Every structure is written in structure tokens, then in C-alpha cells.
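Peer 1: The structure under discussion is supplied below as C-alpha cells; questions concerning it will follow.
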Amino acid sequence: MKVDLTVNGERHDAEVWAGESLLTTLRDRLELPGSKNACEQGECGSCSVLLDGELVCSCLVLAAQADGHDVVTVEGLAADDVLHPVQEAFADAGAVQCGFCTPGFVVATAELLRRNPDPSDDEIREALSGNLCRCTGYQKILDAVHVAAER
264 MKVDLTVNGE RHDAEVWAGE SLLTTLRDRL ELPGSKNACE QGECGSCSVL
314 LDGELVCSCL VLAAQADGHD VVTVEGLAAD DVLHPVQEAF ADAGAVQCGF
364 CTPGFVVATA ELLRRNPDPS DDEIREALSG NLCRCTGYQK ILDAVHVAAE
414 R
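Numbering (the working numbering), first residue to last: 264 to 414.
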């Protein structure tokens, strides 16, 4: 089946199979490897994207469900080769270890700061509770969110 979606501001047509996830379409068909394939069960947040401005796990969304919709991936947060403030903050705060979970955390943080530009620690923890990191103790991620909020 054919889907038509806008990804990071650019319109794409893709030929997908009926049961294909949005994550697979993004990574394999549109060559956008930022969203990571970790659990395929919506438990880790590594594949987080914005679908019409809402944070979703792209492994749980069928590509067909995204037909006609707007998707923003971690790659789409940067503009004109300039990193998004959240991307910069994660690098500056050292909130990246292996980096596998980072795209999901970055997208979730950008969505949080859009809704709440000055979140408390508890609000940050709640907003990022759907994202798991196996390498860090989360403190540097929390620090990065505060750095991004200041910017």
C-alpha cells in the first residue's frame, strides 16, 4: 500500500506493507535512522517521534495510520544545520553515553518544553517516564533538560 506523509517538513510517498510500523518506514524506507528500534513494544521510548505534534512511540504506530499526517523525528528538530537547543543541551550536559536512547529523550524533551518552558524536576521525570536509559543514572539527562529550558 502507498502512504503519503510529511516528515520533518518534507512530503514523502512510500510503498509499505499493511502491518509495517511507522518506525520501519522512517528507518528503512525514508533513511531516517535517528529513531531507534529497541523494544518494539512502546516500553523504552527510543523510537519517539511527534505525530501531528503529539509524542508517540513510532514502533506502535502503523505507517498507514500516519498517512496524511505530519511527523517530526529527531533529525527534524535541527534547522538549517543548526542543532535544536535541546540537542545542544544534551551534548553540553554530557547526557549522552551510548546514545541509543538519546533521540527519544531529545524528542520527548522538546515536546515537554514546548508545553512547559520551565518544568520542575517532578514534571520532567513525569514527562520523560516513557523513556528508558540503560547507561546513565538519569541525572545528566535531567541536567540537560534544565539547560535546554534556560536557553
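Virtual Cβ for every residue (Gly too), placed ideally from N, Cα, C.
These figures come from a predicted structure and were not determined experimentally.
For A329, name the three-state secondary structure that DSSP assigns.
Peer 2: On the sequence shown, position 66 is the one that residue 329 refers to. The answer is helix: DSSP assigns A329 an H, G or I state.
Peer 1: Taking DSSP's pairing of strands, which residues face S311 in a bridge?
Peer 2: Taking the first residue of the sequence shown as position 1, residue 311 is located at position 48. Partner(s): C320.
Peer 1: Between the C-alpha atoms of G362 and M264, what's the straight-line distance to the nearest angstrom?
Peer 2: The count along the sequence shown starts at 1 and reaches residue 362 at position 99. The count along the sequence shown starts at 1 and reaches residue 264 at position 1. Roughly 33 Å between the two C-alpha positions.
Peer 1: When you compare each of N394, A407, E294, C398 to L318 by their alpha carbons, which one comes out closest?
Peer 2: Taking the sequence shown and counting its residues from 1, the one referred to as residue 318 is at position 55. Comparing Cα positions, the closest option is N394.
Peer 1: Helix, strand or coil for V349? Go by DSSP, reduced to three states.
Peer 2: Indexing the sequence shown from 1 puts residue 349 at position 86. V349: helix per DSSP, three-state reduction.
Peer 1: Could you tell me whether any non-hydrogen atom of the ligand GTP is closer than 6 Å to the CB of G393?
Peer 2: Although the ligand GTP was asked about, the structure shown includes no ligands whatsoever.
Peer 1: In the DSSP output, which residue or residues are listed as bridge partners for V270?
Peer 2: If you number the sequence shown from 1, residue 270 lands on position 7. According to DSSP, V270 bridges with E273, V334.
Peer 1: Among L391, Y401, N379, which one has its Cα closest to the Cα of A412?
Peer 2: In the sequence shown, counting from the first residue as 1, residue 412 sits at position 149. Ranking L391, Y401, N379 by Cα distance to A412 puts N379 first.
Peer 1: Can at least three beta-carbon pairs, one atom from the stretch 322-329 and one from the stretch 381-393, be found at a separation below 8 Å?
Peer 2: Contact between the stretch 322-329 and the stretch 381-393 is absent, because fewer than three Cβ pairs lie under 8 Å.
Peer 1: Report the CB separation of L313 from V349 in whole angstroms; it is logged as a contact under 8 Å.
Peer 2: Against the sequence shown, residue 313 aligns to sequence position 50. Against the sequence shown, residue 349 aligns to sequence position 86. About 12 Å separates the two Cβ atoms, so there is no contact after all.
Peer 1: By the DSSP assignment, the alpha helix (DSSP H) with K299 in it spans what residues?
Peer 2: Locating residue 299 in the sequence shown gives position 36, counting from the first residue. Counting along the chain, K299 falls outside any alpha helix (DSSP H), and DSSP gives it neither H nor E.
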